[in-house]
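Worksheet for the structure shown next.
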Amino acid sequence: MRTLIGAVAATLLLSTAAFAGQTEGLIKKIDKDTATLTLDDGKSYKLNAETDLDALKPGMDVVLAYDETNGENIVTDMELPDTE
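Residues -20 to -1, 1 to 64 in mature numbering (1 follows the signal peptide of the UniProt record, and there is no 0) are what the sequence shown lists, from first letter to last.
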């Protein structure tokens, strides 16, 4: 019985965990009102409050690390192209 309870508890913990991912692409659209950017593949990513939205421009190539939480892709890290 203890094994069954432990297995159920582990399953519940895993089902609420965030899933991490990484992607790259061109910025298609930036919505400053919702702090969201959309890549050229059509997927949207929520940016954190510290992100300098003015530094992001459509057409920029970016690499994003994100967590999928409650159906939203939340950006945890972003790499921008080198500008010279």
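Yeah, the Cβ is synthetic: ideal placement off N, Cα and C, and Gly gets one too.
- Judged by DSSP in its simplified three-state form, LEU27 adopts coil rather than helix or strand.
- For TYR25, the closest of ASP62, PRO61, VAL42 by C-alpha to C-alpha distance is VAL42.
- Under the three-pair Cβ rule at 8 Å, the segment 4 to 13 counts as touching the segment 31 to 47.
- Taking all protein chains shown into account, LEU19 has 16 or more neighbouring C-beta atoms within 10 Å of its C-beta and is therefore buried.
- Residue pairing for THR14: DSSP places it in no beta bridge.
- Under the DSSP assignment, ASP34 falls outside any beta strand (DSSP E); it carries neither an H nor an E label.
- By the criterion of a C-beta distance shorter than 8 Å, GLN2 is surrounded in its chain by VAL43, LEU44, ALA45, TYR46, once the five residues flanking it on both sides are discounted.
- Sequence-distant Cβ neighbours of ILE54 in its own chain, meaning closer than 7 Å and more than five residues away, are LYS26, TYR46, ASP47.
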